[in-house]
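Asker:
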Amino acid sequence: MSAVMLTTVLTGASPMPKPVPAALVAHTLGPLPEPALMALAALTHLAYGAIAGAILAGLLRRVTLGKALGYGAGLWALMGLAWLPYVGWGAFGTAITVKIAAATLLLHLIYGAILGLLLDRKPATERAPATQ
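Residue numbers for the sequence shown follow our numbering, so the first one is 1102 and each next one is one higher.
1) Do the stretch 1142-1161 and the stretch 1182-1202 meet, that is, are 3 or more Cβ pairs less than 8 Å apart?
2) Under three-state DSSP, which class holds V1126?
3) Just list the residues that DSSP pairs V1164 with in beta bridges.
4) Can you look up V1199 in the DSSP assignment and give me helix, strand or coil?
5) Among the candidates L1160, L1130, L1138, I1156, whose CA atom is the shortest distance from the CA of A1123?
6) Which of helix, strand or coil does DSSP assign to W1184?
7) Ordered along the chain, which non-local residues of its own chain (more than five positions away) have a Cβ less than 8 Å from that of V1126?
8) Using only the alpha-carbon positions, how far apart do R1162 and G1217 sit?
9) Expressed to the nearest angstrom, what Euclidean distance is found between the alpha-carbon atoms of L1130 and H1209?
10) Check the C-beta distance from Y1047 over to G1173 and give it rounded, since I have them as a contact under 8 Å.
11) Report buried or exposed for A1183, applying the criterion of at least 16 other Cβ atoms within 10 angstroms of its Cβ.
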């Protein structure tokens, strides 16, 4: 998700003026040199994604694609209602453009799908038998 977001911002295809993690870090810490800002933003975003994935895996006995997509949508709602207003972009980024809502939803659904595929734990009775 981070790579997709960064690529779209760098190519100008993103409706966001800068990656959300960079906006959050800049708003929280104040002015930083651009390389430091982007490095810190990337690290915090990767850590946030890893922690969020670990929370999902720890909370649910069985993670499925559907549950993980719902979780991704929930994280999108959190971002849209808390983090984007915090950086001054309005709810779901609508103070900048309504396109931010759709773009970030897509990114969060990609994240949820990847989580669902990686964390889907089938009960032992549903797993294929081990071959020798």
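Backbone N, C-alpha and C define an ideal beta-carbon position, used for all residues, glycine too.
Answerer: This is what the structure holds:
1) The stretch 1182-1202 and the stretch 1142-1161 do not touch, with fewer than three beta-carbon pairs separated by less than 8 Å.
2) Here V1126 sits in helix by DSSP.
3) Answer by DSSP bridge pairing, in chain order: D1221.
4) It is coil, neither helix nor strand.
5) That would be L1138, whose Cα lies nearest to the Cα of A1123.
6) In the structure shown, W1184 sits in a helix (DSSP, three-state: H, G or I).
7) Here the set comprises L1133, L1138, L1141, A1142, T1145.
8) One C-alpha to the other measures close to 13 Å.
9) One Cα belongs to L1130, the other to H1209, and the distance between them is close to 25 Å.
10) Any answer about residue 1047 is impossible in this case: the structure gives the chain only from 1102 up to 1233.
11) Under a 10 Å Cβ-count criterion, A1183 is classified as exposed, with fewer than 16 other Cβ atoms of the shown protein chains found around its own Cβ.
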